[in-house]
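Student: Residue numbers (the numbering used here): 27 to 316.
Each residue gets a CB set at the ideal place from its N, CA and C atoms; glycine is no exception.
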Amino acid sequence: MPAKSPQINKSFKVVNGGLLKKLFKGKAKSGSLKCFRVINEERLKELFKGKVEFGSIKKETLSDQRYLFICMTPRSGSTFLGSLLRANSFPQTGEHFRMVGGTLDKRLSISGAATFEEMFKFIVETKSSPDGLFSTKCDFPQFYPLLASGVFEHYLSNVSWVMLNRNDILLQAISLFIAKKSNYFHTSKEHLKYRTEVNSVEYDYNEILSCLNSIENMRADWERFFQAFSINPLRISYEDLVADAAGTVTDIADFSGFMLPNGSGVEVGEPGSTRSSLATETAIKPVSTQ
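(1) Only counting runs of 4 or more residues, tell me where the alpha helix (DSSP H) segments fall wholly within the stretch 231-270, in order along the chain.
(2) In the DSSP assignment, find the unbroken alpha helix (DSSP H) run with R112 in it and report its ends.
(3) Just to confirm, are L159 and L94 a CB contact at a threshold of 8 Å?
(4) Would you report the Cα separation of E144 and M189, rounded to the nearest angstrom?
(5) To the nearest angstrom, how far is the alpha carbon of A279 from that of A205?
(6) Using C-beta distances below 6 Å, list every residue in its chain close to N193, excluding the 5 sequence neighbours before and after it, in chain order.
(7) Does V275 come out as helix, strand or coil in the three-state DSSP assignment?
(8) Relative to the C-alpha of L196, which residue among E242, V227, A174 is closest?
(9) Can you say whether V320 is buried or exposed, counting buried as having 16 or more other CB atoms within 10 angstroms of its CB?
(10) Which residues in the same chain have their Cβ closer than 6 Å to the Cβ of S186, if we skip the five residues on either side of it in sequence?
(11) DSSP three-state call for K147: helix, strand or coil?
(12) Would you call the CB atoms of D165 and P100 closer than 8 Å?
(13) What are the residues that DSSP puts in a beta bridge with L159?
(14) Do F169 and F123 come within 8 Å of each other at the CB atom, strictly closer than that value?
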């Protein structure tokens, strides 16, 4: 069932106490939020500097809004999962809070938002389904500004939290290393020409270890968040998703209270071939509710 209003675990050990003040110059709320470590902290500071204000929350909460958050780490199968969910009538489950690569500037331009809160509301209102479900996936650095701005505490009470991990974290780290080196993250017809670049990536122990540490740190940040706010997420793995796509989608639908449409069953190809916008057209059929 969706998590109710967050309850802070008062016994939670706080570390890195000055992080929020340092990151958002004292404008964000303090308290238990200060316990989180953010990967690429300096990058986040520079990303938002001079573009978005993180003042106090001023808007009324979206009382009838429901949320599905897929909490993930890089190369855990989130794009594959998002394609499956979309094929089964969930709203688009994209990285709606991804702010790098010019995305922040684009969203600010389209929305006209002056504050992070206004941008959040714009994203939710434009990406939600007609019946009021907003579905997103995010890694912890993408989620962190929602914590620091006060958006989490004010808006995110009716949330279904799903934690997506990959059991084989070493293979996940190798996948992340190859993706970074080749700039080849998702497979689609137009990306097939890059396969040669992927095959030519040279082994580098230290960089693979760095990717492994990054994934482990991000997993730890998610677990700190769940503990701090007494959240018990639905836990799924990439391996579960590959072995039983229909069962995984059904579990998420049951957990979030989402009504799946009648369908003809799931037909899933290789996960790599479904990590693109082509997935719903070529590889995935709806989950049967018969």
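Tutor: Taking the structure as given:
(1) Along the length of the stretch 231-270, whole alpha helix (DSSP H) runs at least 4 residues long occupy 231-254, 264-269, reported in chain order.
(2) In the DSSP assignment, R112 falls within the alpha helix (DSSP H) that extends over 104-113.
(3) yes
(4) 27 Å
(5) 30 Å
(6) S263, E265
(7) V275: helix per DSSP, three-state reduction.
(8) E242
(9) Any property of residue 320 remains undetermined from this structure, which presents the chain solely from 27 to 316.
(10) P28, L94, F281, S282
(11) For K147, the secondary structure class from DSSP, reduced to helix, strand or coil, is helix.
(12) Yes. Within cutoff.
(13) The partner list for L159 (beta bridge, DSSP) reads R92.
(14) yes
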